[in-house]
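Counted from 1, the sequence shown has number 236 at position 237 by numbering that gives the first Met the number 0; the numbering is strictly sequential. Yeah, the Cβ is synthetic: ideal placement off N, Cα and C, and Gly gets one too. In this text, all values refer to a predicted model and were calculated from it rather than measured experimentally.
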Amino acid sequence: MNKKSVQHMLLAGFLFSLMNVSVKLIPHIPAIEIILFRSVFSLILTYILLRKESVPVFGNNKKLLILRGIAGSIGLMTFFYTLQSIPLASAVTINYLAPIFTTILGIFIVKEKVRAKQFLYFGVSFAGVVIIQGFDPRITFLDMTIGLISALAMGLAYNIIRKIKNSEHPLVIMFYFPFITIPIAALISYFVWVVPVGWDWGILLAVGLLTQFAQYFMTLAYQNANLSKVASLSYIGIIYALSFGFFIFGETYSLMVFFGMILVLFGVAMNIFK
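Structure representation (structure tokens):
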């Protein structure tokens, strides 16, 4: 793997981690409201890029694009909820189950074959999640369930992307995410709206900017290196999460919770690379 791809992926992971920290810095702002601001930012930028490249905005397979937008919206809303509700590293670790759900759903959606031993790796990861929830009193059963829903929804979204990747421009797929999210987030935000004040506005802007730059550098990395090797670098995100969680939010973990995190990462990594 070339040096540039390594640098791009490490930078993307760092920026995504800063975005996660930004979300956690404003717990008084409802997660759905943060998503609304981020989605508006993303929609405007993606639309400008589509027009610049003269690509039809609404694509071809509208039903699947809408379904991808809905699944992505659910995944993002539930992930932001866990970021604000449970320790940072735990939220990120549970989110790493998304590749496993992607693989399982892929059996039915894109007809991919799964080897029998992969189910063993699935079991290892889920055992890790059970340990994390069972040995960390800060994580309720509801929090864990919402985290799993987030990973499942993302797994569905990734499968839809794979199903339409040859018929839709990447920017069109990106456009539908905020396009579907904004009306959902706006409706829910109406009932829980909290007016941002002072630094809240700067942090909300940071969430949007960090997300866009992180996606840009991640795309560069995936375009110029082996897929599996680049993907392996994303797991450095757990180191970022543990570090930020400890130094910024004073979060600590028991040895059993660390063991659970290791099981989750081991199961996911073995599923991807073996």
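In this structure the segment 74 to 86 lies against the segment 133 to 144, because at least three pairs of beta carbons, one per stretch, are closer than 8 Å.
Nearest to residue 198 by C-alpha distance, out of 28, 58, 149 and 14, is 28.
Per DSSP, reduced to three states, the secondary structure at residue 67 is helical.
The three-state secondary structure of residue 31, taken from DSSP, is helix.
The beta carbon of residue 59 sits closer than 7 Å to those of 166 and 167, all from its chain and outside the five residues before and after it, given in chain order. For residue 87, the enclosing alpha helix (DSSP H) begins and ends at 87 to 94. Here the C-alpha atom of residue 49 lies approximately 32 Å from the C-alpha atom of residue 194. CA-to-CA, the gap between residue 265 and residue 53 works out to about 44 Å. In the three-state reduction of the DSSP assignment, residue 19 falls in the helix class, which pools H, G and I.
A distance below 6 Å between beta-carbons, with the five flanking residues on each side excluded, links residue 157 to the following residues of its chain, in chain order: 101. Going by DSSP, residue 161 is part of the alpha helix (DSSP H) stretching over 140 to 163. Contact check between the segment 64 to 74 and the segment 167 to 179: three or more CB pairs, one atom from each, fall below 8 Å, which counts as touching. Under the three-pair Cβ rule at 8 Å, the segment 90 to 100 counts as touching the segment 141 to 152.
From the listed residues 261, 272, 241 and 268, the smallest Cα separation to residue 86 is found for 241. Taking every protein chain shown into account, the CB of residue 38 has 16 or more other CB atoms within 10 angstroms, so this residue is buried. Closest option to residue 180, judged by alpha-carbon separation, among 73, 205 and 215: 73. In this structure, the alpha-carbon of residue 262 lies about 7 Å from that of residue 126. Of the candidates 14, 89, 236 and 258, 14 places its Cα closest to the Cα of residue 211.
Counted as a single uninterrupted DSSP element, the alpha helix (DSSP H) harbouring residue 118 occupies residues 115 to 134. Around the beta carbon of residue 129, fewer than 16 other beta carbons sit within 10 angstroms, so the residue counts as exposed. Put simply, the backbone Cα of residue 3 is about 8 Å away from that of residue 220.
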